[in-house]
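The numbering of the sequence shown is this note's numbering, which starts it at 1 and goes up by one.
Comments concern the structure below.
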Amino acid sequence: MQHVKLGDLEVSRIGLGAMGMSHGYTGAGSDDAESIRTIHRALDLGVNFLDTAEIYGPFTNEELVGRAIRGRRDEVVLATKFGLVSHAGGGPRHLDSSPANIRTAVEGSLRRLGTDHIDLYYQHRVDPDTPIEDTVGTLAELVAEGKVGHIGLSEAGVGTIRRAHAVHPVTALQSEYSLWTRDPEDGVLPLLRELGIGFVPYSPLGRGFLTGTIRSTDHFDTTDFRATNPRFTGENFRRNLRIADEVVGVATEVGATPAQVALAWLLARGEDIVPIPGTKRVARVEENAAAVRVELTTEQLAQLDALTPAAGTHHNEEQMRLIGR
Ligand SMILES: NC(=O)c1ccc[n+]([C@@H]2O[C@H](COP(=O)([O-])OP(=O)(O)OC[C@H]3O[C@@H](n4cnc5c(N)ncnc54)[C@H](OP(=O)(O)O)[C@@H]3O)[C@@H](O)[C@H]2O)c1
């Protein structure tokens with residue numbers, strides 16, 4: 001496994017998103033033993049950049065990751081997130097990046113993860129009620145105390161990124177980016193490059209869609225985010241199948257799987273881009289890690305750049321309001 005740098009943090013060329021092991025997708029939480037084997041296999045393959053968050057579960061995903069890395073903490077670059085659980089009474093899904101909430105959140109995350117430090121601690125969503133300077137000021141204190149190694153933001157807009165970076169160096173921004181979600185290319189990616197901030201694309205497989213394995217949404221259970229995601233519903237879903245078919249077409253030509261092609265396209269966009277595909281299965285973490293060896297030709301990259309644009313926004317309305325602020 002190759003290594004690259006997000007800011008000054010060295011990570012494997014590809015990471016592993018742990019969310020779906022406990023949260024958000026059909027089957028989450030149904031087989032913790034396989035999820036733990038998946039994390040172990042990732043580490044064995046050199047995929048050391050693990051991604052979780054306090055809100056996943058809530059809390060159970062950090063506990064699972066903590067169990068999986070017990071005895072192997074030194075091999076891991078551990079990333080988690082705060083800000084979508086308000087500990088002052090609001091609970092899960094309430095934005096709170098106030099200094100007091102961060103102080104409570106970090107102690108919980110450290111305990112559940114079974115560690116005394118988090119390598120990369122992200123604000124999960126910008127909190128309009130707390131100036132970003134106050135949030136980052138508290139994170140800088142946690143860095144000084146050794147509880148946090150590096151700080152990150154998720155789905156922040158350009159103005160917020162600049163203001164945050166002026167208080168303390170931001171190591172990485174984590175936002176949705178993939179073959180069918182290219183929003184960061186306009187303003188965010190150029191700014192990150194200007195400031196030397198790394199980029200971590202989440203949902204790099206389009207929540208599984210780009211792998212070509214989702215041909216119907218009938219099997220989604222009611223807790224599955226995709227059941228209310230505009231791209232996976234009604235006529236949009238039917239139209240979007242063409243995109244999956246186009247990725248499968250390129251993959252056949254490349255001699256790789258569609259998931260590998262979706263990841264190889266992201267890797268080809270720069271060494272400052274480190275995708276974190278999510279899976280709870282050993283076989284798929286092996287497949288996804290092997291994407292680092294997939295080379296796409298100029299023609300294949302151009303074909304992928306020209307995919308049919310997606311029908312529907314990449315989040316539902318409520319979620320869309322929380323991003324890019
Ligand atoms: N910052 C944020 O706001 C935010 C938001 C969403 C996600 N994230 C992070 O980003 C990570 C990745 O995003 P994501 O999980 O939403 O989406 P993703 O990585 O685009 O796709 C995950 C889905 O694809 C399936 N999958 C994975 N590898 C596959 C393969 N090789 N072939 C076929 N299917 C495959 C997984 O199913 P199986 O698990 O059954 O294999 C899962 O349903 C998350 O785990 C989380 O850590 C962050």
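Note that the Cβ used here is the ideal one computed from N, Cα and C, for glycine as well.
Computed from a predicted structure; not experimentally measured.
First and last residue of the uninterrupted alpha helix (DSSP H) at residue 305: 298–305
Contacting residues, own chain, Cβ-Cβ under 6 Å from residue 278 (five flanking each side not counted): 17, 19 and 20
Collapsed DSSP secondary structure at residue 99 in the structure displayed: helix
Proximity test, Cβ basis, 8 Å: residue 79 and chain D: Absent here is chain D; the protein component of the structure consists of one chain.
Residue from 137, 157, 158 and 160 with nearest C-alpha to residue 150: 137
Contact check, residue 4 vs residue 274, beta carbons under 8 Å: yes
Residue 318 CB to nearest heavy atom of ligand 1 below 7 Å: no
Residue nearest to residue 195 in terms of C-alpha spacing, selected from 179, 291, 165 and 202: 165
Which residues DSSP lists as bridging residue 3, in chain order: 12
The region 205–225 touching the region 182–190, judged by at least three CB pairs closer than 8 Å: no
Residues near residue 183 by beta carbon distance below 7 Å, same chain, minus five either side: none
Proximity winner among 260, 248, 309 and 215, relative to residue 291 (alpha-carbon distances): 260
Segment contact flag, the region 251–269 with the region 218–228, C-beta cutoff 8 Å, min 3 pairs: no
Short Cβ contact (8 Å threshold) for residue 53 with residue 80: yes
Close Cβ partners of residue 42 (< 6 Å) along its chain, the five nearest in sequence each way excluded: 16 and 285
Closest residue to residue 167 among 175, 135, 146 and 180 (Cα-Cα distance): 135
Where residue 96 falls, given that 16 or more other Cβ within 10 Å makes a residue buried: buried
Residue 48 versus 1, 323 and 321, residue with shortest Cα-Cα distance: 1
beta-carbon residue 281 near ligand 1 non-hydrogen atom, thresh 7 Å: yes
Run of the alpha helix (DSSP H) containing residue 62, from where it starts to where it stops: 60–69
Through-space distance from residue 319 to residue 145, alpha-carbon basis: 33 Å
Any non-hydrogen atom of ligand 1 closer than 7 Å to residue 251 Cβ: no
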